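Following: one structure in C-alpha cells, then a few remarks.
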Amino acid sequence: MTDHLLRRARPLGGDPVDLLLSDGLIAAIGPDLDAPGATVVDAEGLIALPGLVDLHTHLREPGREDAETVLTGTQSAARGGFTCVHAMANTSPVADTAGVVEQVWRLGREGGFCDVQPVGAVTVGLAGERLAELGAMADSAAGVRVFSDDGICVSDAVLMRRALEYVKAFDGVVAQHAQEPRLTEGAQMNESALSGELGLVGWPAVAEEAIIARDVLLAEHVGSRLHVCHLSTRGSVEIVRWAKSRGIDVTAEVTPHHLLLTDDLVRSYDPIYKVNPPLRSADDVAAVREGLADGTIDIVATDHAPHPMEDKECEFAAAAFGMIGLETALPIVQQTMVDTGALTWEQVAQVLSARPARIGRVEGHGRPLAVGEPANVVLHDPDATHTVVPGDTASLSRNTPYAGIELPGRVVATFLRGTPTVLSGELTEGVHA
1 MTDHLLRRAR PLGGDPVDLL LSDGLIAAIG PDLDAPGATV VDAEGLIALP GLVDLHTHLR
61 EPGREDAETV LTGTQSAARG GFTCVHAMAN TSPVADTAGV VEQVWRLGRE GGFCDVQPVG
121 AVTVGLAGER LAELGAMADS AAGVRVFSDD GICVSDAVLM RRALEYVKAF DGVVAQHAQE
181 PRLTEGAQMN ESALSGELGL VGWPAVAEEA IIARDVLLAE HVGSRLHVCH LSTRGSVEIV
241 RWAKSRGIDV TAEVTPHHLL LTDDLVRSYD PIYKVNPPLR SADDVAAVRE GLADGTIDIV
301 ATDHAPHPME DKECEFAAAA FGMIGLETAL PIVQQTMVDT GALTWEQVAQ VLSARPARIG
361 RVEGHGRPLA VGEPANVVLH DPDATHTVVP GDTASLSRNT PYAGIELPGR VVATFLRGTP
421 TVLSGELTEG VHA
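Rendered as C-alpha cells:
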C-alpha cells in the first residue's frame, strides 16, 4: 500500500497541517512532515473531513441494474466524499433475508470504492404483514443493524411495536419512512394552495407528522431506538424536538434537497422535482435548517434515488419519485448551512460522518481525524464552484434536480483506509488497483 502525505490540509477547517496516511491509518499529523517515498497530495486550502457516511442510499442492485449498480453507486458516493453508504432494502428481490443482504455487502467489498452496509427490510417483501428475518440479517456476514421498509411506511402499529422490540436484542434501529398511507393515496406534491392551483393531489404534512408522533411514543413505550427518515416539515421537527426533551431515543435525518428546494419548483410540472416525501414550503425548509443547526435533526442523508430517464420523462402523475444526490450532498450542505453561518465544518463532520456512523453502528467510519484512526478522509475545496451537469456523474442515472445550478465546493480527493478512490476530482481504480 502506497503512503500518502496530505500537505497543508485544514482538518475540520482549522489551521493547515500535514497528514500522513500509512497502512490504512492516519500515521502522523503535524507541520512539515517528512515521509520519504510517500505520494504527496497538495492540499493547500482544502478542508479535511472524516470520510462521509450516508445512512440512506438506494443502490438498486439486485433487480434494477438499469438505474444503478452497487459499483456505479459506490463510485458516485466516492466522488461525493463518502467512504460508507447504507443500501436500502427496496431491491428486487427485497433485502429481507441474510442471503440478499450478504450479496449486497459482498458486491460493495468487491467494488472497492466505498463500504456498503446493507439495510434490512422490516417486513417480508416490504408488504407490511409480518416481520422479516431481522435476527438472521443481524447475525449474517453483513452484520445488519439498520432496518427499514423505506419507500413504504410500516403503518401497522402492532408490527412497528414488534420490530422496535425485536431489534433491541442486537442494538439495532428501525428507520421509519413516515407516511400515513390513507392520507397520501394518489398524492403527488405537498398539500397547499399551490397543489390546488396545479391540480395535483396534495400530500399533507400531517401524514408525516402523525406517524412520527405515534412512533416516538412506541419507542418510548418499549425502550428502543427509532430513526426517522427524510424528515421534511416544521411539525415533524417540533415533534422530534419534544420527543428528545422527554429522553426518547430518537434520531432524525434531513436530505440535501429538503434543505434547499421548495414546492414552488413543481409549478413547472417537471417530474425531476417529484420526490417522496415531497418538496415542502419555504417555511418548512427554514424549519429543517433550524432543526439541523440546533441538533434536533441529527444528520444529513442523501436518499440517493436513481431512476432511468423513461421513469422521469413522462407526465407528472406517472413519474417515479426520487432524485440522485450523492455527489451534490456536501456542496448543498456547504451552501445551505456553512456559508450561511448555521454550521461549522466541525459540525458538518458530525452530521455527515460521525453521527450517521454511530446511528448505523458502523465501526471504522465517522472517526476523528487523529493519529491511529482509520485513514478515511475527504479533501474538499470550499472555494471552488461548479455548475451541475446531469451527465457528469458516476451514477447510471441522470435525475438530478440541480441541473444548471451553480453550487459551492468540490470534492478533490477521497481516501478509503488510506487508498485514494478519488484524486484531483476523478475516480481512481479503487482499493483493489
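For the record, in the sequence shown the residue sitting at position 149 is 149 according to UniProt numbering, with numbers rising by one throughout.
Note that beta-carbon positions come from the ideal geometry of N, C-alpha and C, so glycine has one too.
The structure presented is a predicted model; accordingly, all values stated were derived computationally and were not measured.
Distances from the CA of residue 76 to each of 175, 116, 3 were compared; the closest alpha carbon is that of 116. Under the Cβ criterion (8 angstroms, minimum of three pairs), the segment 309-323 does not count as touching the segment 371-380. Membership of residue 26 in the beta strand (DSSP E) is indicated by the continuous run 25-30. Collapsing the DSSP output to three states places residue 323 in a strand. For residue 226, the uninterrupted beta strand (DSSP E) run begins and ends at 226-228, by DSSP. With respect to residue 356, residue 299 sits close: the two C-beta atoms are nearer than 9 angstroms.
A contact between stretches requires three or more CB pairs, one per stretch, nearer than 8 angstroms, and the segment 216-236 meets this requirement with the segment 165-174. DSSP lists no beta-bridge partner residue for residue 277. Residue 79 is positioned such that its CB atom lies closer than 9 angstroms to that of residue 394.
DSSP places residue 97 outside any alpha helix (DSSP H), giving it a letter other than H or E. Counting C-beta atoms within 10 angstroms of its own C-beta, residue 140 has 16 or more neighbours from the protein chains shown and is therefore classed as buried. When rounded, the separation of the alpha-carbon atoms in residue 210 and residue 114 is 36 angstroms. Annotation for residue 311: no alpha helix (DSSP H) segment contains it, and DSSP assigns it neither H nor E. When 321, 47, 40, 43 are compared, the shortest CA-CA separation from residue 14 is found for 47. Residue 158 counts as exposed, since fewer than 16 other beta carbons sit within 10 angstroms of its beta carbon.
If the five residues before and after residue 324 are omitted, its C-beta is found closer than 8 angstroms to the C-beta atoms of 76, 304, 305, 306, 393, 395, 397, 398, 399, 400, all from its own chain and listed in chain order. The beta carbon of residue 281 is closer than 8 angstroms to those of 190, 192, 262, 263 in its chain, skipping five residues each way along the sequence. For the pair residue 361 and residue 145, the CB atoms are nearer than the 9 angstroms cut-off.
Within the same chain, and ignoring the five residues on either side of residue 103 in sequence, the residues whose Cβ sits closer than 8 angstroms to its Cβ are 62. With a threshold of 16 other beta carbon atoms within 10 Å, residue 414 meets it and is buried. By the neighbour-count definition (other C-beta atoms within 10 Å, threshold 16), residue 202 is a buried residue.
Annotation for residue 409: the continuous beta strand (DSSP E) segment containing it runs 406-416. In the structure shown, the three-state DSSP call for residue 305 is coil.
The DSSP-derived three-state label of residue 374 is strand. Pairing residue 379 with residue 332, the inter-Cα distance amounts to about 16 angstroms. The segment 146-156 makes contact with the segment 126-134; the number of CB pairs closer than 8 angstroms reaches 3 or more. Taking C-beta atoms as the reference points, residue 148 and residue 119 count as a pair closer than 9 angstroms. Under the three-state reduction of DSSP, residue 91 is assigned to coil, being neither helix nor strand. For residue 234, same chain residues with a beta-carbon under 7 angstroms away, outside a window of 5 residues either side, are 283, 284, 287 in chain order.
Pairwise C-beta distances place the segment 265-279 out of contact with the segment 338-354, as fewer than three of them are shorter than 8 angstroms.
Taking a 10 Å sphere around the C-beta of residue 74, we find 16 or more other C-beta atoms and assign the residue as buried.
Residue 418 is positioned such that its CB atom lies no closer than 9 angstroms to that of residue 381. Per the C-alpha coordinates, the member of 232, 5, 216 positioned closest to residue 247 is 216.
In this chain, the beta strand (DSSP E) harbouring residue 22 covers 17-22. Boundaries of the alpha helix (DSSP H) around residue 349: 345-349.
Cα atoms of residue 181 and residue 207: separation of roughly 8 angstroms, rounded to the nearest angstrom.
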